[in-house]
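What follows is a short report on a single structure.
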Amino acid sequence: MSPETKLSRTPSRTADATNIDRTVAGTLGIACFLGVWSALATLVHPEYLLPGPLPVLSALGAEFTTSAPFVLPVVGVPVELPRALTRLAQTSLHLVPGLVIGAFVGNAVGLLVGYSRRIDATVTPAIRVLRPIPELAWIAFAIVWFGIGHAGAAFIVAIGALWINYYGAYSGVHGVRDGYKEVATSLGVRTHLGMLRHVVLPAASPSMVTGFRTSIGRCLMIVVGAELFGAPGVGYEIINASNNLDMARSMAYMLLISAVYICVDSAYAMVEARWFAWRP
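Under my numbering, think of the first position of the sequence shown as 7, with each following residue one higher.
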């Protein structure tokens, strides 16, 4: 075997060993978490105040074996699904539209404000006034404007997605090197639209994609809070179960939303890695 072959295989073996170490460490971490959770559950009385892992898993299984109707959007046809899937589908009707609208508006405004100093000077003072307002503080306006339902919850989610994507695009534009713009100008790019399309947007896209990934996790937390005022979904089930002292069922839905985030974030990370494979 040539020295070149040995050198080419060394990084792969190191990466494999690192992945195995991370898997072992992660398994031990989960085992410790479950152990501490079980121990604390035995110390709390009455038992329903902090159910252990087994009662929570049992409650989660019951949610998948009990059916509940879900009305298909647009067509309005009800279908019977496991109750857990029905609640997730209802939550998605708040999450997906709000996330898409908020991300689109946030990225568009962030690109414009970051690119133009004049727009930046005009818009930034108003943004500094609005940004510190918590997303859930808009619940009262959501109820008044849209009522208790999907539109109001989606509005709250959109506000949360807007700010994260705005700052992702804004910082991405400010991170574009002046040398890129000078080279583009020397190659014939003369208009602002051309500069945005051919230089600024490609250079800022990694920051924008990272901002969108961050907003997914943030909006999953926001949508649960937005549903607490009565919009159907996972958040409503969490508060409804806790009001009935069914803490095992409440925690089951908390774990369910966590599992959804892990799956979505892992899938997005793989797509992001493939999309930006050119980065060093």
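Even for Gly, the Cβ is constructed at its ideal location relative to N, Cα and C.
Limits of the unbroken alpha helix (DSSP H) element including residue i
| i | result |
| --- | --- |
| P103 | R89 to Y121 |
| V240 | V240 to N249 |
| H180 | H156 to H180 |
| F218 | L207 to A232 |
| F235 | Taken as a continuous stretch (DSSP letters only), F235 belongs to no alpha helix (DSSP H), as it is neither H nor E. |
| A143 | Note, A143: premise wrong, no alpha helix (DSSP H); not H, not E. |
Length of the line joining the Cα atoms of residue i and residue j
| i | j | result |
| --- | --- | --- |
| P212 | I245 | 37 Å |
| M97 | T48 | It is worth fixing the name first, because residue 97 is Thr in this sequence and not Met. Taking the straight line from one Cα to the other gives about 33 Å. |
| A265 | S177 | 30 Å |
| E141 | F161 | 9 Å |
| T71 | G108 | 35 Å |
| T24 | T33 | 14 Å |
| L66 | R280 | 34 Å |
| D271 | L261 | 15 Å |
| A209 | I36 | 39 Å |
| A95 | T128 | 41 Å |
| V179 | A190 | 15 Å |
| P52 | L251 | 11 Å |
| F147 | G153 | 9 Å |
| T92 | L101 | 14 Å |
| S256 | L118 | 43 Å |
| L99 | I263 | 15 Å |
| A159 | V77 | 17 Å |
| Y259 | V240 | 6 Å |
| D126 | H156 | 34 Å |
| S64 | L199 | 57 Å |
| L60 | G41 | 12 Å |
| T216 | P238 | 30 Å |
| S110 | L168 | For clarity, residue 110 is Phe in the given sequence; the question names Ser instead. Approximately 8 Å between the Cα atoms of the pair. |
| V80 | M253 | 35 Å |
| I133 | S221 | 18 Å |
| V62 | M214 | 38 Å |
| Y267 | W43 | 21 Å |
| I165 | T130 | 17 Å |
Residue i, DSSP secondary structure in three states
| i | result |
| --- | --- |
| E278 | helix |
| P61 | helix |
| P138 | coil |
| P52 | coil |
| V129 | helix |
| V85 | strand |
| R196 | coil |
| V80 | coil |
| R183 | coil |
| D252 | coil |
| G6 | Nothing about residue 6 can be read from this structure; the chain reaches only from 7 to 286. |
| G67 | helix |
| R15 | With a pLDDT of only 49 at R15, under the threshold of 50, the placement of this residue in the model should not be trusted, and no figure is reported. |
| G153 | coil |
Unbroken beta strand (DSSP E) run spanning residue i, endpoints
| i | result |
| --- | --- |
| V77 | S73 to V77 |
beta-carbon residue i near the ligand FAD non-hydrogen atom, thresh 7 Å
| i | result |
| --- | --- |
| I165 | The ligand FAD is absent from the structure shown, which contains no ligand whatsoever. |
Stretch-stretch touch, CB-based, cutoff 8 Å, three pairs: the region 78 to 85 with the region 220 to 235: They do not touch, by the three-pair rule.
So does the region 230 to 242 actually touch the region 117 to 137, counting three or more Cβ pairs closer than 8 Å? Here the region 230 to 242 does not lie against the region 117 to 137, with fewer than 3 beta-carbon pairs under 8 Å apart.
Three or more beta-carbon pairs under 8 Å between the region 132 to 152 and the region 192 to 205, yes or no? no
With contact counted as at least three CB pairs below 8 Å, one residue from each stretch, are the region 131 to 139 and the region 183 to 197 in contact? no
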